[in-house]
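Asker: Can you keep this structure in mind? I'll have questions shortly.
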Amino acid sequence: MTSHSEASGAASARVSISAHPLWRIRLTRDAPRYLLSALSLAGIAASARFALDPPTPTLPKTSLRAPTPADRAAEGYATLFARRYLAWNTAEPQASARSLEPFLGAGMESAAGIQLPGAGEQHVEWAEVVQAREPVRGEHVYTVAAQTDTAGLQYLTVGVTRTQDGSLALAGYPAFVGAPTAVGAHSPQRLREVTDPTLAMVLQRALRNYLAASPSELAADLASGARVSSPTYALSLETVERLNWSTAGTSLLAVVQARDGRGVQYTLAYEVEVERAQGRWEVSAVQMDPDA
126 MTSHSEASGA ASARVSISAH PLWRIRLTRD APRYLLSALS LAGIAASARF
176 ALDPPTPTLP KTSLRAPTPA DRAAEGYATL FARRYLAWNT AEPQASARSL
226 EPFLGAGMES AAGIQLPGAG EQHVEWAEVV QAREPVRGEH VYTVAAQTDT
276 AGLQYLTVGV TRTQDGSLAL AGYPAFVGAP TAVGAHSPQR LREVTDPTLA
326 MVLQRALRNY LAASPSELAA DLASGARVSS PTYALSLETV ERLNWSTAGT
376 SLLAVVQARD GRGVQYTLAY EVEVERAQGR WEVSAVQMDP DA
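Written out as structure tokens, the structure is:
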């Protein structure tokens, strides 16, 4: 005998059947496997791409800027100003002021602010730029070394800029500074000594003819196509003190003793590029490239 509650539960229970395409059922079931396979293929493709064409690191914009070429006109402008600024004579104060007028603008004092003493004079024996920096684009600050006859060697910084029309102009007042940082001569690391007697003989003969300005004799030891520029006045080779291979191993470093026609003896260092052709050593360059 069935109870009323059981009959009610049986009557309310329903089974719903709906039809779906077979491809959708398979897609739903296999979707995780397809997704995993796609991720794996993407990883393999990315690895292959980086292996065949590795990415180039992106440099900061400041690193991509090409180095500013030397402005020889601006260097000369700074040097000329330094010479006139440091040369004066109290007997002719107006002459010193007039020499500086072409450099001065409305924002600078007369004679660039120099007030001469009651008596005396100073001359510049030589002056040249020894250091340069560019604090901002288009403005150069040059350190000019100037040898004076009264104050000795002085260092003066001179700021130079170019106006919109390209003209040169001072960027402000100069400043006395110290010398650029320098230390004693740097001794090269221990180099490999030349042990080939044939190479040493060729090098000694080539240097003797090079220093003596004897191109015809030197030609016998030159490689094909080599161009060498001999010293402007002849020297006689006394001895070869040291002969070593350079760090790169492609050239020789020779320290020699040489004497000029007046009897002055020098210790000189030469880098000589050599090559071996048809079983013999030949010189391809001595110290410099005359065409560079």
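Quick note: the sequence shown uses the numbering used here, first residue 126, plus one each step. Just so it is clear, CB atoms sit at the ideal spot from N, CA and C, and this is done for glycine as well. Just so you know, these numbers come straight off a predicted model, no measurement behind them.
Quick check on L281 - is its C-beta less than 9 Å from some C-beta in chain D?
Answerer: The structure shown contains no chain D, having only a single protein chain.
Asker: Taking R258 as part of the beta strand (DSSP E), name the residues at either end of that continuous run.
Answerer: V249 to V261 is the extent of the beta strand (DSSP E) around R258.
Asker: Assuming contact is defined by CB atoms lying nearer than 9 Å, are F301 and Y267 in contact in what I supplied?
Answerer: Result no, Cβ atoms of F301 and Y267 do not sit closer than 9 Å.
Asker: Does DSSP classify R315 as helix, strand or coil?
Answerer: Looking at R315 - three-state DSSP - the assignment turns out to be coil, as it is neither helix nor strand.
Asker: If I follow the unbroken alpha helix (DSSP H) through Y280, where does it start and stop?
Answerer: Taken as a continuous stretch (DSSP letters only), Y280 belongs to no alpha helix (DSSP H), being part of the beta strand (DSSP E) at G277 to R287.
Asker: Give the straight-line distance between the Cα atoms of R384 and P260, rounded to the nearest whole angstrom.
Answerer: If you take the alpha carbons of R384 and P260, they lie about 46 Å apart.
Asker: Among residues of its own chain, excluding the 5 on either side of P322, which ones have a beta-carbon nearer than 6 Å to its beta-carbon?
Answerer: Cβ within range, chain order: n/a, list empty.
Asker: When DSSP labels each residue in this structure, what does Q85 get in the three-state scheme?
Answerer: Residue 85 is absent from the structure shown; the chain starts at 126 and stops at 417.
Asker: At the level of alpha carbons, what is the spacing between D290 and G238?
Answerer: Cα to Cα, the separation comes out at about 27 Å.
Asker: Quick one: what does DSSP say L295 is sitting in, helix, strand or coil?
Answerer: Of the three classes helix, strand and coil, the one that applies to L295 here is strand, per DSSP.
Asker: Nearest to S349 by alpha carbon, out of A236, H265, G243 and Q403?
Answerer: Considering only alpha carbons, the answer is Q403.
Asker: Would you kindly check if the distance between the Cβ of L368 and the Cβ of L328 is under 9 Å?
Answerer: Contact flag set, yes.
Asker: CB-CB under 8 Å to A191, same chain, minus the five flanking residues each way: which ones, in chain order?
Answerer: With a pLDDT of only 40 at A191, under 50, the local geometry of the prediction cannot be trusted, and no value is derived from it.
Asker: Which residues bound the beta strand (DSSP E) around T204?
Answerer: No beta strand (DSSP E) holds T204; the alpha helix (DSSP H) holding it covers R197 to L211.
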